[in-house]
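Colleague: Just dropping this structure here.
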Amino acid sequence: MKAEELFWDATVEELKKGYIEKGQHFVCLLCGRSSERGIVYEQHGVFYEAEKFMQLHLKEEHQSVFHHLMGLDKKLTGLTEHQNRLLRLFYEGKSDREIREEMGIGSASTIRNHRFVLKEKERQAKLFLTLMELLKEHDHDEPAFIPIHPHARMIDDRYNVTEEESIKILNKYFPQGVEGKLASFPPKEKQRLIILRAAAERISPEKKYDEKEMNTVLAGVFDDYVLLRRYLIEYGFLAREKDGSAYWLKK
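Heads up, my numbering is the position in the sequence shown plus 520, with the first residue counted as 1.
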């Protein structure tokens with residue numbers, strides 16, 4: 521199962537931890553990295569068993585689950601920029617007085633109102649999750665939609681694609697299989713999304729590439745690797761340094 525599928529299928533408790541246990545492995549829900557039970561991992565001269573190593577990975581690579589989730593697109597979190605900033609300050613343990621000063625908020629009652637609104641969103645979210653869980657027990661015709669990758673930058677109707685439709689698109693544009701080359705670049709946004717998801721699978725999540733290395737990888741997918749690279753960045757699959765000196769898969 522792909523990292524984004526694990527992410528969206530995880531329970532709230534699993535998301536809070538940031539990783540899940542699958543068989544003999546601990547898998548990071550934020551980037552897909554795994555550690556295997558029974559293997560000792562060395563980091564900074566210290567040796568860790570698999571689960572402790574995964575906890576260290578989350579801290580060093582993602583800072584925390586909270587910070588990672590707060591960095592997601594507001595269409596995924598449902599938070600306004602103002603609410604996002606407030607939650608960060610609450611998480612940092614700032615007092616209401618400190619928050620008022622930092623954000624230029626005039627009165628204590630304003631902070632209290634913001635806290636009330638956030639608690640209201642929490643209550644609504646709990647009820648909605650319960651309703652959706654109950655719905656799953658009766659809605660047997662629900663289609664399997666492709667998961668939204670956590671760093672998606674344009675969350676709209678282009679993600680309204682089922683797994684069945686995704687397979688048809690891949691078969692059409694990769695006539696020699698997804699390990700082969702792209703026959704042509706799709707004209708439609710939904711088709712592009714599916715093709716870009718497949719292209720991103722060719723990029724190692726553990727490596728930073730210089731421009732030449734990235735071009736070599738993408739040239740194995742499509743002859744116009746510059747076009748492909750641009751769309752991977754635009755759709756939130758790929759990140760790069762401002763000067764183009766390094767590229768990496770977003771985690």
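All C-beta atoms, glycine included, are put in the ideal place defined by N, C-alpha and C.
Across which residues does DSSP place F665 in a beta bridge pair?
Modeller: T682
Colleague: Taking only runs that begin and end inside the segment 542-625, name each unbroken alpha helix (DSSP H) of 4 or more residues, in chain order.
Modeller: 570-582, 585-590, 594-597, 601-611 and 616-623
Colleague: Are the Cβ atoms of E683 and A664 separated by less than 8 angstroms?
Modeller: yes
Colleague: Contact between the segment 685-694 and the segment 723-734 is defined here as three or more beta-carbon pairs at a separation below 8 angstroms; is this criterion met?
Modeller: no
Colleague: Assign G538 to buried or exposed, taking buried as 16 or more other Cβ atoms, counted over all protein chains shown, within 10 Å of its Cβ.
Modeller: buried
Colleague: Measure the Cβ-Cβ separation of L748 and V741 and say whether it is below 8 angstroms.
Modeller: yes
Colleague: From this set, A672, P707, V566 and A570, which residue's C-alpha is nearest K542's C-alpha?
Modeller: A570
Colleague: Report the residue ranges of all alpha helix (DSSP H) runs contained in full by the segment 731-765; include only those spanning at least 4 residues, in chain order.
Modeller: 731-739 and 745-754
Colleague: CB-CB under 6 angstroms to M574, same chain, minus the five flanking residues each way: which ones, in chain order?
Modeller: Y539, F546 and S555
Colleague: Are the beta-carbon atoms of F694 and A720 separated by less than 8 angstroms?
Modeller: no
Colleague: Please report the straight-line C-alpha distance between M590 and H564, rounded to a whole angstrom.
Modeller: 28 angstroms
Colleague: Specify the secondary structure class of I689 as computed by DSSP and reduced to three states.
Modeller: helix
Colleague: According to DSSP, is L535 part of a helix, a strand, or is it coil?
Modeller: helix
Colleague: Taking 8 angstroms as the threshold, find out whether the segment 644-664 comes into contact with the segment 615-625 through three or more Cβ pairs.
Modeller: no
Colleague: Compare the Cα-Cα distances from V737 to each of I631, W768 and E761 and report the closest residue.
Modeller: W768
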